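Enquirer:
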Ligand SMILES: Cc1ncc(C[n+]2csc(CCOP(=O)(O)OP(=O)(O)O)c2C)c(N)n1
Ligand code: SF4
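Residue numbers (my numbering), protein chains in the order written: chain A, 1 to 248; chain B, 249 to 602.
1) How would you list, in chain order, the residues of chain B whose beta-carbon sits under 7 Å from the beta-carbon of residue 61/A?
2) Less than 7 Å separating the Cβ of residue 214/A from some heavy atom of ligand 2?
3) Along chain A, which residues have their Cβ under 7 Å away from the Cβ of residue 456/B?
4) Counting contacts by CB-CB distance shorter than 8 Å, is residue 86/A in contact with chain B?
5) Using a cut-off of 8 Å between C-beta atoms, extract the partners of residue 287/B located in chain A.
6) Which full runs of the alpha helix (DSSP H) of 4+ residues lie inside the region 128-203 of chain A, going along the chain?
7) Could you please tell me which residues of the region 391-424 of chain B, in chain order, have their CB closer than 7 Å to any CB of chain A?
8) Would residue 53/A count as contacting chain B if we go by Cβ distances under 8 Å?
9) List the residues that DSSP assigns as beta-bridge partners of residue 532/B.
10) Keeping to the same chain, check which residues put their C-beta closer than 8 Å to that of residue 250/A; ignore five residues upstream and five downstream.
11) Measuring CA to CA, which of 398/B, 393/B, 408/B is closest to residue 381/B?
12) Output yes or no for whether 8 Å exceeds the beta carbon distance between residue 353/B and residue 415/B.
13) Is it buried or exposed, residue 222/A, if we count other Cβ atoms within 10 angstroms and call 16 or more buried?
14) Does DSSP classify residue 327/B as helix, strand or coil?
15) Does residue 104/A come within less than 8 Å of chain B when only Cβ atoms are used?
16) Mind checking if residue 310/B is an interface residue toward chain A, Cβ cutoff 8 Å exclusive?
17) Can you tell me whether residue 122/A is buried or exposed? The criterion is at least 16 other CB atoms within 10 Å of its CB, across all chains shown.
18) Looking at the structure shown, is residue 271/B part of a helix, part of a strand, or coil, going by DSSP?
19) Is it right to say residue 552/B is buried, meaning 16 or more other beta carbons lie within 10 angstroms of its own, or is it exposed?
20) So with Cβ pairs under 8 Å, would you call residue 515/B a contact of chain A?
21) What span of residues does the alpha helix (DSSP H) with residue 255/B cover, start to end?
22) With 16 other CB atoms within 10 Å as the buried threshold, where does residue 220/A fall?
23) So, is the C-beta of residue 45/A closer than 8 Å to a C-beta in chain B?
24) Report yes if the C-beta of residue 57/A is less than 7 Å from at least one heavy atom of ligand 2; otherwise report no.
25) Identify every run of the beta strand (DSSP E) within the region 20-88 of chain A, keeping only runs that are complete inside it and at least 3 residues long; order them along the chain.
26) Checking contacts by CB at 8 Å: is residue 350/B closer than that to chain A?
27) Give me the subset of the region 429-450 of chain B whose CB atoms are less than 7 Å from a CB atom of chain A, sorted by chain position.
28) With hydrogens ignored, establish whether the beta-carbon of residue 122/A is closer than 7 Å to any heavy atom of ligand 2.
29) Excluding sequence positions up to five away, which residues of its chain have a Cβ less than 6 Å from the Cβ of residue 488/B?
30) When Cβ atoms are compared, which residues of the region 69-96 of chain A fall closer than 7 Å to chain B?
31) Take residue 170/A as the anchor and find which of 242/A, 149/A, 119/A has the nearest alpha-carbon.
32) How about the region 384-402 of chain B and the region 418-437 of chain B: do they share at least three Cβ pairs that are nearer than 8 Å?
33) Counting only beta-carbon separations shorter than 8 Å, does residue 332/B have a partner in chain A?
34) Taking one C-beta from the region 488-504 of chain B and one from the region 538-552 of chain B each time, how about it: are there three or more such pairs within less than 8 Å?
35) Which first and last residues belong to the alpha helix (DSSP H) in which residue 214/A is found?
36) Residues in the same chain with beta-carbon distance under 7 Å from residue 385/B, minus the five sequence neighbours each way, listed in chain order, please.
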């Protein structure tokens, strides 16, 4: 019988702990598939964040390091500078990357650090129980924004990809989503390019993935996907913002 | 090898390179800037890497990454910068990674000043980061020791898989003295088979981590760490006992202040007062056992520090176990104790206990 679908070698046997309907699992899977397809698993060191994906080090089938909250890009810098021939990636949530770790991600991009960042934007702090993130939408309720995010008090949600795309050292910047099979395929393609960007030594690469948190959004998984499409996508438009193969 | 005249800060950097350090991550702060400057000049020439990080927080986390990758790595800073590094130091200790951290202390609290101080003793020996952890702390008193103990720090860090601090101050960082770069004695060191260097498909993934969500597992880690710290307390204590034999008063002083205190001892000797010194070289583990050498002639102890009211004095009290009265002489804010003032304080104390 022909095998049409099998588990990727990029993931270990460990069962994910993610909530039902959470798209962290899909993002793990496509990232792992890319590493396997590129044949770099044995040469890869991943850096896990603090957030719901804190246990990512148990899931990816490669060497992994667990970083302090927000510091993954600095940890990845230390690894990449010591082992320049290896493939180094960070996997970070929006609280981790866009709040406590803003300086680290901006400066890793600014240095043109040859690492790849998978940035999971679910517009909320998942792990700690649904507090407001810098990416929380205006009007969106969170446990620390019980009346909905007020722009006058908290500003507009931070558009990380747009911000990083202004930085010269950021060679590859793309925003994707994992809401439909077609978009999952596109997301995987972008993640692959982000790793190729690193492997070809072109500079810093980041893929922002719009993701759901049905648990803290207080929705069913299906409604969560719908909410993402109707609310996040208009504010966080999908698309490529920097591509080293297109710009000279 | 011939002696060379070197500034303390440059000597630290040169010693680190001699010890095999090829990676340095730092952020500028006075009075230790010659260390990153030296590293930025030398490391690229020998296949290493220097990164001027965006902050001390980033620098120490780069150290975490590099140490996890199994290389010899160092960072340096001065007091407010070391305060920022405490987060990372706790993670490094928790993940059991070896690295060397240099603190050329300046006065505080807060932004403080830029002149010498010893007011980070608590921070260095108690840990400013969270959790049950310890860092071995060397406190060299001259540039030669700065070199010797910086080199040794790399071996000790690798042996115990633990961060090691070299605690100097602005004075030792800025002073020039002749130094010799001796071949350090060889230590049997364990393989770094835990490092994240890529599996090559030949082994199970290695994970560098300080997270233990299971309470029993975290307690197990703490028990393991404690055993390591106990071994350090047994094997790694270093101190100098100076003119203790028939001392009436015993000073306790470390680093640059120990040298000034030796001058005070000479001044007292001129007046027929016998004074001695216990100089901790390791601040943690503290040389409690040195206190067993204090002769029966001693009437008092005196902690001399560049700190207001004293910090090391707490350890002196523990080591003394209530046997002798303990005095203190200190200056702070970048003020340096003068030998004469120390001698006067000692005389006053002796007068009180006679
Ligand atoms: C220094 C520090 N501050 C706060 C925390 C608590 N904390 C853990 S996860 C988290 C938020 C994570 O949110 P995000 O990065 O968006 O990831 P998600 O859980 O949504 O996937 C916070 C604040 C911590 N672990 N360390
Ligand atoms: S809390 Fe939210 S982000 Fe975290 S696993 Fe559950 S659904 Fe996913």
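From the three backbone atoms N, C-alpha and C, an ideal C-beta is built for every residue, glycine too. Everything numeric in this text was worked out from a predicted model, so none of it was measured.
Expert: By the coordinates alone:
1) 453
2) yes
3) Ordered by position in chain A, the residues that pass the 7 Å Cβ test against residue 456/B are 65, 66.
4) yes
5) By Cβ distance, chain A contributes nothing, its closest Cβ being about 13 Å from residue 287/B, past 8 Å.
6) 151-154, 160-165, 181-199
7) Answer set for the region 391-424 of chain B: empty.
8) no
9) By DSSP's assignment, residue 532/B forms a beta bridge with 385/B.
10) Nothing can be reported for residue 250/A: it is not among the residues displayed for chain A, which extend from 1 to 248.
11) 408/B
12) For residue 353/B and residue 415/B, yes; Cβs fall inside 8 Å.
13) exposed
14) helix
15) yes
16) yes
17) buried
18) Here residue 271/B sits in strand by DSSP.
19) buried
20) no
21) Element bounds for residue 255/B: not the alpha helix (DSSP H) but the beta strand (DSSP E), 252-255.
22) Classification of residue 220/A: exposed, given that the 10 Å Cβ count is below 16.
23) yes
24) no
25) 44-48, 63-66
26) no
27) Residues of the region 429-450 of chain B that bring their beta carbon within less than 7 Å of a beta carbon in chain A comprise 444, 445, 446, 447, 448, 449, in sequence order.
28) yes
29) 527
30) Listed in sequence order: 71, 74, 75, 76, 77, 78, 79, 81, 82, 83, 86.
31) 242/A
32) yes
33) no
34) yes
35) 214-217
36) 372, 373, 413, 415, 530, 531, 532
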